[in-house]
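Q: Once you know that position 149 of the sequence shown is 148 in numbering that gives the first Met the number 0, the rest is easy, because the numbers rise by one and skip nothing. Here a beta-carbon is modelled for each residue, glycine too, at the ideal position from N, C-alpha and C. A single structure is presented below for examination.
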Amino acid sequence: MAIKDVLPTLRQSRNMTQKELAQKVFVTRQAVSRWENGETTPSIDMAKLIANVLDVPVMQLLDLPQEPSCQCCGTPFSVPNMPKGTDADGAENPDYCKWCYDEGAFANETMDDVIEKSAPYLAQATGVSLDEAVSFMGALLPTLKRWQHEH
């Protein structure tokens, strides 16, 4: 769901005006208004700040496609030539891509390793800056199966 579809409800459920939210996230009331009517979209870092102020998970504010994706790096399986990972017995694993999980082992030990390797590809594929890709992955990865079980 797009931020314009959830932000007004979240803000109002906390009895907060656009002006009050704007003051808490250091923007103008007009910026909040533009987010709420879909004219603009806040950056990932701004979405993190808004989520913190509204006390909700940042993923609730991000408009992500509802499609199967790797539960380690978050890459959608709809990406062309996206190979599925394999278990130790060679069977296809539906939860992970081959870049993250192959022959029953994870290729990366930490979330930081995944971000370091994957963020440049995300930035190139989407046209966002590397910093924005890193920030997005920092918000997304903790919500994925691989990392929920690790912590």
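Please report the residue range of the alpha helix (DSSP H) in which Asn51 lies.
A: Within the sequence shown, numbered from 1, the residue matching residue 51 stands at position 52. Per DSSP, Asn51 belongs to the alpha helix (DSSP H) from 43–53.
Q: Look at the Cβ atom of Ile49, then the Cβ atom of Pro41, and state whether they are nearer than 9 angstroms.
A: Within the sequence shown, residue 49 is the residue found at index 50, counting from 1. Within the sequence shown, residue 41 is the residue found at index 42, counting from 1. Yes, they are a contact pair.
Q: How big is the Cα-Cα spacing for Lys18 and Leu6?
A: In the sequence shown, the residue the question calls residue 18 occupies position 19. In the sequence shown, the residue the question calls residue 6 occupies position 7. Computed Cα separation, rounded: 13 angstroms.
Q: Out of Leu61, Arg13, Asn80, state which residue places its alpha-carbon closest to the alpha-carbon of Lys47.
A: For this step, residue 47 is matched to residue 48 along the sequence shown. With distances taken between Cα atoms, Lys47 lies closest to Leu61.
Q: Within 10 angstroms of the Cβ of Gln70, are there 16 or more other Cβ atoms? Answer buried if so, exposed if not.
A: Locating residue 70 in the sequence shown gives position 71, counting from the first residue. When all chains shown are included, Gln70 counts as buried.
Q: Quick one: which unbroken alpha helix (DSSP H) runs of 4-plus residues sit fully inside the region 69–93? Chain order, please.
A: Counting only runs of 4 or more, we get nothing.
Q: Does DSSP put Asp130 in a helix, a strand or coil?
A: For the purposes of this step, residue 130 is taken as residue 131 along the sequence shown, with counting starting at 1. Asp130 falls in the helix class under three-state DSSP.
Q: In angstroms with no decimal places, state the Cα-to-Cα distance between Asn51 and Gly89.
A: Locating residue 51 in the sequence shown gives position 52, counting from the first residue. Locating residue 89 in the sequence shown gives position 90, counting from the first residue. Computed Cα separation, rounded: 42 angstroms.
Q: Could you say which of Leu121, Ala122, Cys72, Ser32 lies nearest to Phe105 if we only look at CA atoms?
A: Numbered from its first residue, the sequence shown carries residue 105 at position 106. It is Cys72 whose Cα lies nearest to the Cα of Phe105.
Q: Of the residues Glu131, Arg145, Lys83, which one's Cα is nearest the Cα of Thr109?
A: Numbered from 1 along the sequence shown, position 110 holds the residue referred to as residue 109. The residue with the shortest Cα to Cα distance from Thr109 is Arg145.
Q: Can you say whether Gly31 is buried or exposed, counting buried as having 16 or more other CB atoms within 10 angstroms of its CB?
A: For the purposes of this step, residue 31 is taken as residue 32 along the sequence shown, with counting starting at 1. Strictly speaking, residue 31 in this sequence is Val, with Gly absent from that position. So Val31 counts as buried.
Q: List the DSSP bridge partners of Ala124.
A: The count along the sequence shown starts at 1 and reaches residue 124 at position 125. For Ala124, which the question treats as bridged, DSSP gives no partner whatsoever.
Q: In three-state terms, what does DSSP make of Phe105?
A: The sequence position of residue 105 within the sequence shown is 106, counting from 1. Reduced to three states, the DSSP call for Phe105 is strand.
Q: Should Met136 be labelled buried (16 or more other beta-carbon atoms within 10 Å of its own) or exposed?
A: Against the sequence shown, residue 136 aligns to sequence position 137. Classification of Met136: buried, given that the 10 Å Cβ count is 16 or more.
Q: Whole angstroms is fine: what's the gap from Pro82's alpha carbon to Asn36's?
A: Locating residue 82 in the sequence shown gives position 83, counting from the first residue. Locating residue 36 in the sequence shown gives position 37, counting from the first residue. Answer to the nearest angstrom: the Cα atoms are 38 angstroms apart.
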